[in-house]
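Before any comments, here is the structure.
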Amino acid sequence: MADDQGRTLEGCEEEQLIKREKKKFTSSVLIACVIAASSGLMFGYVIGISGGVSAMKDFLAKFFPSISRDPSKGSSGSGNYCRYNDQLLQLFTSSTYIVGLISTFGASYTTRDLGRKPTMLIAGIFYLVGTVLNAGAQSLPMLIIGRVFLGCGIGFGNQATPLYLSEVAPPHLRGGLNILFQLNITTGILIANLVNYFTAAYPWGWRLSFALGGIPSLLLTLGSFVLSETPNSLIERGYLTQGKQVLEKIRGTDQVEEEFNDLVEVGVASSLIKNPFRDIIRRKNLPPLICAICLQFFQQAGGINAIMFYSPVLFETVGFGSNASLVSTVVIGGINAVCTIISMVVVDRFGRKILLLEAGVQLFIAQVGIAILLGLGLKDSVNLLTPMQAMAVVLMVCLFISGFAWSWGPLAWLVASEVFPLEVRSAGQSITVSTNLLFTFAMAQSFLSMLCVLKYGIFILFAAFLVAMTLFAALLLPETKGIPIEEMSGLWKRHWLWRRFV
């Protein structure tokens, strides 16, 4: 009898959870997610535009004349692997991300104290200013200052947007809707690649490439005015009535008492935390913190941004002409966007871990393949790969991009936005974003130099990190599929290792 009652109670709880999760997907949620995810569109555009303009002769002649005069020699070293090894050229790309890292900590406080919506508005303004400065740049310092403003936009946008998306989305659709952010990143990269392809033929083409970034910047800025704040943020800051009204609006029903009460409970706990950065290093919060940091580290350590930032440069290194390099980059951008859509479709059906594990194997094969092809065919002298070898490199890069796009690209952001308890979510997201930007900066500033020193061995190094990445996902990362954010703490209590901390 007791067993029957236990099963009955358990069944009722499951039924209530399913009922709660299956709230209607409302148009207000869709509109909010599309506008918020435009932050990702601009982030992707910033990523994609730098590599293309770095290969434009007129851009190099104006800002990096030493490379323009003798493309076979970098600032240190010569030959195929060293032709673009210039610290200032790398600083042009990397400065954005070190500034983004620093600005993330300021964004943490605006996200917590002002809300997710104002933080996205600030991001849009930074993006607009940076776009204007880059498009009108007359000197290298002006160009770098523009990149600094873009970095501030990245810091504020990447802090607020994943939180916003995960908080307005119904639990059973949270994975797919949150990946809208990554989809827009990949779409932004693709658009930037297309823009670079069509503007490369004109002396002023690089200015137009920068200027068109004003479109997604303006969309984010104006769109932020019409967004509703998330119920989580409103409740956390004490606006209970408004929070409940927004919750009813985005869920499409007034039957939100259970979810509202859960949010109030965690909101009260959150309001008692005066210093979330101090609280996040408490023992009970170490599991999500460690996992979030590792997700961002491995996302970058596998070599994705070496390819995204410098693919036109990389393809010219192996023997493609300037036009063919840009075409190959457009193809890669298209594959990136399509495979991110695949991730949106399958992530809430199959879960996070299976995608991460499958991709670990795929990415490893691709990086080892690139290393073998370059090692056999590309020497330090003037010889280049044969057309067949060069095409094989492109195919390996496409294999890498496709695997990354349906796994570690979107899921590193998604899982990191899910695992933190509400009382330290803002601080957790800040650390997540800053970790990502720290390693993005390191990759952007060092890849061309490492390529010059390690040659094809740099891709073997990436492959070694991919082995460690896959083991991390298999052994230490819990599955977060379908678990409401306010109930995420129970996940760690069931894990073979992390339960010792909580």
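Under this note's numbering, the first residue of the sequence shown carries the number 15, and numbering increases by one thereafter.
All residues carry an ideal CB built from backbone N, CA and C; glycine is no exception.
Computed from a predicted model, the values in this text were never measured in an experiment.
Is residue 163 closer than 8 angstroms to residue 147 when the C-beta atoms are compared? yes
With a cut-off of 8 angstroms on the beta carbons, I'd call residue 165 and residue 322 a contact; round off their distance for me. Not confirmed; about 16 angstroms, so no contact.
Residues in its own chain within less than 6 angstroms of residue 24 by CB, not counting five upstream and five downstream? Here residue 24 scores only 43 on pLDDT, less than 50, and its place in the model is too uncertain to base an answer on.
Going by the beta-carbon positions, is the gap between residue 226 and residue 209 smaller than 8 angstroms? yes
With C-beta atoms as the reference, is residue 173 less than 8 angstroms away from residue 54? no
Go through its chain and collect everything with a Cβ distance to residue 62's Cβ below 6 angstroms, but skip five positions before and after it. 203, 206, 207
DSSP state of residue 1 mapped onto helix, strand, coil: Nothing can be reported for residue 1, as the shown portion of the chain is limited to 15 through 516.
With 16 as the cutoff for other CB atoms within 10 Å, does residue 504 come out buried or exposed? exposed
With a floor of 4 residues, list each alpha helix (DSSP H) that falls wholly inside the region 424-494, ordered by position along the chain. 439-468, 471-489
Can you tell me whether DSSP reads residue 515 as helix, strand or coil? coil
Restricting to Cα atoms, I'd like to know which of 294, 308, 320, 316 is closest to residue 437. 294
Taking DSSP as the reference, what is the three-state secondary structure of residue 78? coil
Below 8 angstroms on the Cβ atoms is my contact criterion, and I expect residue 486 with residue 312 to pass it. Report the Cβ-Cβ distance as a whole number of Å. 6 angstroms
Please state whether DSSP places residue 243 in a helix, a strand or coil. coil
What ranges does the alpha helix (DSSP H) occupy inside the region 313-364, keeping only unbroken runs of at least 4 residues that lie completely in it? 318-331, 336-364
Quick one, are the C-beta atoms of residue 175 and residue 306 less than 8 angstroms apart? no
With C-beta atoms as the reference, is residue 419 less than 8 angstroms away from residue 200? yes
Which of the three DSSP states is assigned to residue 502 in this structure? coil
How about residue 324 and residue 461: are their beta carbons less than 8 angstroms apart? yes
How should residue 274 be labelled, buried or exposed, when 16 other C-beta atoms within 10 angstroms of its C-beta is the threshold for buried? buried
Alpha-carbon to alpha-carbon, residue 315 and residue 127: 33 angstroms
Would you call the CB atoms of residue 448 and residue 230 closer than 8 angstroms? no
Since I believe residue 186 is in contact with residue 574 (beta carbons under 8 angstroms), could you give me their beta-carbon distance rounded to a whole number of angstroms? An answer regarding residue 574 cannot be provided, because it is not within the stretch 15 to 516 covered by the chain.
According to DSSP, is residue 99 helix, strand or coil? coil
Can you tell which of 439, 501, 44, 119 has the C-alpha that lies nearest to the C-alpha of residue 241? 44
Is residue 381 buried or exposed, if buried means 16 or more other CB atoms sit within 10 Å of its CB? buried
By the 10 Å Cβ neighbour count, where 16 or more other Cβ atoms means buried, how is residue 88 classified, buried or exposed? At residue 88 the pLDDT is 49, less than 50, meaning the model places this residue with poor confidence and gives no usable figure here.
Do residue 280 and residue 342 come within 8 angstroms of each other at the CB atom, strictly closer than that value? no
One question on the structure: do residue 416 and residue 353 come within less than 8 angstroms of each other, judged by their Cβ atoms? yes
Outcome for residue 155 when other beta-carbon atoms lying within 10 angstroms are tallied against a minimum of 16: exposed
So residue 384 and residue 411 are in contact, right, with Cβ under 8 angstroms, and what is the actual spacing, rounded? 7 angstroms
Expressed to the nearest angstrom, what Euclidean distance is found between the alpha-carbon atoms of residue 143 and residue 137? 10 angstroms
Would you identify the three-state DSSP class for residue 539, choosing helix, strand or coil? Nothing can be reported for residue 539, as the shown portion of the chain is limited to 15 through 516.
Report, in whole angstroms, the separation of the C-beta atoms of residue 223 and residue 213, which I expect to be a contact under 8 angstroms. 5 angstroms
Quick check: the region 462-473 against the region 98-106, are there 3 or more CB pairs under 8 angstroms? yes
Residue 508: first and last residue of the uninterrupted alpha helix (DSSP H) it sits in: No alpha helix (DSSP H) contains residue 508, which DSSP labels as neither H nor E.
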